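Scroll down for the structure; my scribbles are underneath it.
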Amino acid sequence: MNETVYLRPIALTESPQADDGQAVRLAGGLACASRFALLVRGDGKVVSRQVVGAGDVPAAIAALPDALAADASAQWANLRKSHGPIGCGERVLRLDQPLVMGILNVTPDSFSDGGQFLDKPDVALDHASAMLAAGAAVIDVGGESTRPNAAAVWEGDEIKRVVPVIERLATTGAAISIDSRRSSVIAAALAAGAHIVNDVSALRHDPRSMEIVAASGAPVVLMHAPGGADDLHADGHYRDVVLDVFDDLRARRDAALAAGIAADKIMLDPGIGFGKTLAENLALINALPLFHALGQPVLFAASRKRMIGALAGEAPADQRLGGSVMLAIKALEAGCHMVRVHDVAETVQAMRVWRGLRDAALTDFSQVG
């Protein structure tokens, strides 16, 4: 029986001082954990589960068979790993504090803001400038809707949508990501001044995308989606959604590394809302700290998504601000390095208050625990 090991943080705390100083800081960020579940999975089922305190993790790992122990040791190191900054042209994105990525859709049919900025580069630039002024660290430009049942877009049209906006944004010195899964669009966007590639197919959709990203040296976000070219939301069948998504992201990370993409250029996104039920999305969100064990910065994107409506009286997309901010803060508490949102000003305000609550200079943590 082939077995796989997972080291999942299960008890988050406000500071490393909690639990008699036994908590550890996750991924060099503001999230800390004091207990961990050491899981062993065989043939798709969890065959053993051991809960240990942070101080007892090394001994629990040492008791595993050699192959599993090596993997668990790597995950333990990854969970405590601090990530270096990401270079974006004139800007440097530090990952020791959480960052906000603002969404700029230049599409006719995106589920929340389709048509607002299509063929309107001046309006799009004004919106991007407002997001930057509100505190966005990155502007994510997309020319294809990836909502369920969205119409296919010819890559030439996608290029015509995104390139003029990226070219104008690039003159402002903003950090820019291109939200695309097509190699020709990615190449055109990078040439126009984009810095980061955000591929919802994790570089699976277009065989040339991996080569282009590797050759460019650009950072890349690899997102989990179960489906293929026709429907990214299809084929969402999981034995254990958390561990299955973890395994899939590990495989895509390894494929990117094998293609020559540097480890410090890879971010991971668990793909909330893509081919997952409400229960599966909630399970993933509650398990976000586990994904630090893969050793890459984590991006979280759930802004205005359908799951919020499902939990809040079927609120339409443009009335999901409260739920979006709540999920963003949940992601920050789990140590995610970047949150991708529509409502930048509100998210940044909430994040700053959250950071104040976590700031040792402002809060007396001697009473915590």
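At position 263 of the sequence shown the residue is numbered 263 (the UniProt record's numbering), and the sequence of numbers has no breaks.
A virtual CB, placed ideally from N, CA and C, is assigned to each residue, including glycine.
No experiment lies behind these values; they were computed from the predicted model shown.
Beta-carbon gap between residue 273 and residue 226 smaller than 7 Å: The count along the sequence shown starts at 1 and reaches residue 273 at position 273. The count along the sequence shown starts at 1 and reaches residue 226 at position 226. The answer is no: Cβ separation not under 7 Å.
Sequence-distant residues of its chain with Cβ nearer than 8 Å to residue 114 (five each side left out): Here residue 114 refers to the residue found at position 114 of the sequence shown. Residue confidence for residue 114 is low, a pLDDT of 46 falling below 50, so the modelled location carries little weight and cannot support an answer.
Minimum length 3: unbroken beta strand (DSSP E) runs contained in the stretch 44-81: 45-53
Exposure label - residue 47; buried when at least 16 CB within 10 Å: Numbered from its first residue, the sequence shown carries residue 47 at position 47. Answer is exposed; the Cβ neighbour count stays below 16.
Assigned secondary structure, residue 165 (DSSP; H/G/I helix, E/B strand, else coil): On the sequence shown, residue 165 is found 165 positions in, with the first residue counted as 1. Correct three-state label for residue 165: helix.
Identity of the residues DSSP links to residue 92 by a beta bridge: Within the sequence shown, the letter at position 92 stands for residue 92. DSSP output for residue 92 lists 87 as bridge partner(s).
Cutoff 7 Å; reference residue 212; Cβ partners in own chain excluding five residues on either side: In the sequence shown, residue 212 corresponds to position 212, counting from 1. Hits under 7 Å: 183, 186 and 187.
Of the listed residues 90, 341 and 326, nearest to residue 282 (C-alpha basis): Mapped onto the sequence shown, residue 282 falls at position 282. It is 326 whose Cα lies nearest to the Cα of residue 282.
N- and C-terminal bounds of the alpha helix (DSSP H) containing residue 320: As a first step, residue 320 must be located in the sequence shown, where it is residue number 320. Careful: residue 320 lies outside any alpha helix (DSSP H) and carries neither H nor E.
Reference residue 83; option with closest CA among 341, 266, 271 and 308: Residue numbering aside, residue 83 sits at position 83 when the sequence shown is read from its first letter. Among 341, 266, 271 and 308, the Cα nearest to that of residue 83 is on 266.
Residue 279 (DSSP reduced to helix, strand or coil): Position 279 of the sequence shown, counting from 1, holds the residue named residue 279. In this structure, residue 279 counts as helix in the three-state DSSP scheme.
Limits of the alpha helix (DSSP H) - the one that residue 246 falls within: The residue given as residue 246 occupies position 246 in the sequence shown. Looking at the DSSP string, the run of the alpha helix (DSSP H) that includes residue 246 is 241-258.
Minimum length 3: unbroken beta strand (DSSP E) runs contained in the stretch 264-317: 266-269
Element boundaries [alpha helix (DSSP H), containing residue 173]: The sequence position of residue 173 within the sequence shown is 173, counting from 1. From DSSP, residue 173 is part of no alpha helix (DSSP H); its letter is neither H nor E.
Per-residue DSSP class, three states only, for residue 332: Locating residue 332 in the sequence shown gives position 332, counting from the first residue. Three-state result, residue 332: helix.
Residue burial classification, residue 198 (beta-carbon count within 10 angstroms, cutoff 16): Along the sequence shown, read from residue 1 onward, the residue named residue 198 stands at position 198. Buried, by the Cβ-count rule.
Inter-stretch contact (C-beta, 8 Å, three-pair minimum) for the stretch 310-317 and the stretch 37-57: no
Integer Cβ distance of residue 37 from residue 10, believed to fall under 8 Å: As a first step, residue 37 must be located in the sequence shown, where it is residue number 37. As a first step, residue 10 must be located in the sequence shown, where it is residue number 10. Yes, they are in contact, since the Cβ atoms of residue 37 and residue 10 sit about 5 Å apart, within 8 Å.
Helix, strand or coil at residue 38 [DSSP, three-state]: To locate residue 38, count along the sequence shown from 1; it is residue 38. Residue 38 falls in the strand class under three-state DSSP.
Residue 85 vs residue 79 beta-carbon contact at 7 Å: For the purposes of this step, residue 85 is identified with residue 85 of the sequence shown, where counting begins at 1. For the purposes of this step, residue 79 is identified with residue 79 of the sequence shown, where counting begins at 1. Contact flag unset, no.
Endpoints, beta strand (DSSP E) assigned at residue 7: As a first step, residue 7 must be located in the sequence shown, where it is residue number 7. Counting along the chain, the beta strand (DSSP E) containing residue 7 begins and ends at 3-13.
Beta-ladder partner(s) of residue 355, from DSSP: Residue 355 sits at position 355 when you count from the first residue of the sequence shown. Answer is none; residue 355 lacks a bridge partner.
Residue range of the beta strand (DSSP E) that includes residue 153: Counted from its first residue, the sequence shown places residue 153 at position 153. Taken as a continuous stretch (DSSP letters only), residue 153 belongs to no beta strand (DSSP E), as it is neither H nor E.
Beta-carbon contacts of residue 293 that lie in its chain and below 6 Å, excluding the five residues immediately before and after: For the purposes of this step, residue 293 is identified with residue 293 of the sequence shown, where counting begins at 1. Only 7, 75, 78 and 79 meet the Cβ criterion.
For residue 340 and residue 301, believed in contact at Cβ under 8 Å, the rounded distance: Residue 301 sits at position 301 when you count from the first residue of the sequence shown. Residue 340 sits at position 340 when you count from the first residue of the sequence shown. Yes, residue 301 and residue 340 are in contact; Cβ-Cβ is about 4 Å, under 8 Å.
Assigned exposure category for residue 347 - 16 Cβ within 10 Å defines buried: Along the sequence shown, read from residue 1 onward, the residue named residue 347 stands at position 347. By the 10 Å Cβ count, residue 347 comes out buried.
Status (buried if at least 16 other CB within 10 Å, exposed otherwise) for residue 223: Against the sequence shown, residue 223 aligns to sequence position 223. Answer is buried; the Cβ neighbour count reaches 16.
Cβ-based burial, residue 237 [other Cβ within 10 Å; buried from 16]: The sequence position of residue 237 within the sequence shown is 237, counting from 1. With fewer than 16 Cβ atoms within 10 Å of its Cβ, residue 237 is classed as exposed.
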